[in-house]
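J.: I'd like to ask some things about the structure below.
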Amino acid sequence: MKRTFIPFNKPYVSGREALYVQQVLASGTLSGDGVFTQKCHGFFEQKYGFNKVLLTSSCSDALEMSAILIDTKAGDEIIIPSYTFVSTANAFLLRGAKIIFADSEVDTPNLDVSKIEGLITSKTKAIVCVHYAGIACDLDQLLYLCEKYHLYLIEDAALSIDSYFRGKPLGSFGHLAAFSFHETKNITSGEGGMLVVNEKKFIERAEIIRDKGTNRSKYTRGEIAKYGWVDIGSSFLPSHLTAAVLFAQIEQLETIQQQRKKLWQRYYSGLKSLHDQGFIRLPQLPEYSYNNAHIFYLVCKNETIRTELIATLSKNNIGASFHYSSLHTSVYFAARHDGRALPNSDLYTNCLVRLPMFFELNLEDIDAICQVITNYFIDTSKN
Ligand SMILES: Cc1ncc(COP(=O)(O)O)c(C=O)c1O
């Protein structure tokens, strides 16, 4: 008998979202920066010690705000990993910058920091790091390079809520950091994001850029008598409804994280023997990193095995998925790339598999998934 379908993702719902949305609807004010936005800001600033946070409609928005805040312009070079989502690059391309793609490490999909110094020129303005699967990049080295060459560090922390580097929260290292609350993330508002402003000089301008280039935030706080257009900007702020959903989720953050870590650990134990026998590679956690259990991935030996494994899981009613495609080989960018091979980025593009990971998944589901994977490798090794 076929088991019930185990999807790749199922967004968490705490049950209080509807109540809070109802409260917003009853309040008669639905647009941005209401009570729930303030509550979310307060939560993140207090829990993680972030200097200033601003909810946005997406992580893409927060990255675009970052590009504006550091005054990205034509001629600037921005170093980013090729193994990432398109938004990491788009944000800076939209401001006219040249993107310099860097390779991943052999051991993790994160930026290979040891290769970055060779990419820095007099035109380099910033390094954008992506903490893949919420596992921290080598921030000691990144901060050293940024200080040495006077570069901005921007953390694309889309996948990194409640994760840490040497005990300090991800998102607190860069001059700026961008988080996502898209439905695949540990906590979600459907679509949603957050800009963390660690550099004090950016705070006032960040508020303005987020609100269409106006100083309405100051007006709302009663600091000025009327507001107007003072800078460039766009409509990056989410509505009260989005913030209400997000607040219902952050109230349950600890419960969510405990459950996800339990699930992640079960996968790890269930697949360890395949890793030890060399069939697959399991995620490697550098000693400085912490695991927020955002993604459980494994790396196959080649693309054929990866394709077969995903098909086998699908035949067994299990939704598994690959992840990013190297941006330097994309339809849009290939002709713009400088021709450097980025073999590790391609390796993760071709060989990485993400397994189902969501709050409602249970340990029996995971045991069943591990069994399907184990059977696949044992059967194929016999042929
Ligand atoms: C590394 C990275 N950056 C940015 C984004 C964009 O996030 P959003 O959908 O919230 O704009 C994603 C999406 O998952 C991502 O993986």
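Yeah, the sequence shown ends on 1419 if you go by this note's numbering, and it's all consecutive. Think of the CB as a built atom: it goes at the ideal place given N, C-alpha and C, for glycine as much as any other residue.
(1) Quick one: grab the DSSP three-state call for C1165.
(2) Just checking D1192 against ligand 1 - is the residue's beta carbon closer than 7 Å to any of the ligand's heavy atoms?
(3) Taking 8 Å as the limit between beta carbons, can you name the residues of its chain near G1264, skipping five residues before and five after?
(4) Is there at least one non-hydrogen atom of ligand 1 closer than 7 Å to the beta-carbon of V1164?
(5) Ignore the nearest five residues each way along the sequence and tell me which others in S1348's own chain have a CB closer than 7 Å to its CB.
(6) Hey, quick one: how far does the alpha helix (DSSP H) through T1073 stretch, first residue to last?
(7) Is V1389 helix, strand or coil by DSSP?
(8) With distances taken Cα to Cα, identify the nearest neighbour of A1138 among N1126, A1127 and I1156.
(9) Beta-carbon separation of L1099 and T1124 under 8 Å?
(10) Can you tell me where the alpha helix (DSSP H) with D1176 in it begins and where it stops?
(11) Answer yes or no: do S1271 and G1085 have a C-beta to C-beta separation smaller than 8 Å?
(12) Label P1043 either buried or exposed according to how many other C-beta atoms from any shown protein chain fall within 10 Å of its C-beta, with 16 as the threshold for buried.
(13) Can you find a heavy atom of ligand 1 that lies under 7 Å from the Cβ of L1195?
(14) Is C1173 near L1147, with beta carbons less than 8 Å apart?
(15) By the three-class DSSP mapping on this structure, what secondary structure does S1123 have?
T.: Concretely, from the data shown:
(1) strand
(2) yes
(3) Leaving aside the five residues that flank G1264 on each side, the residues in its chain whose CB is nearer than 8 Å to its CB run, in chain order, T1250 and N1251.
(4) no
(5) In the sequence as displayed, the identity of residue 1348 is Thr instead of Ser. Excluding sequence neighbours, T1348 sits near V1408 and Y1412.
(6) V1071 to Y1084
(7) strand
(8) Of the residues N1126, A1127 and I1156, the one whose Cα lies closest to the Cα of A1138 is I1156.
(9) Contact flag set, yes.
(10) L1175 to Y1185
(11) no
(12) Exposed, by the Cβ-count rule.
(13) yes
(14) yes
(15) When secondary structure is reduced to three states using DSSP, S1123 falls in the helix class.
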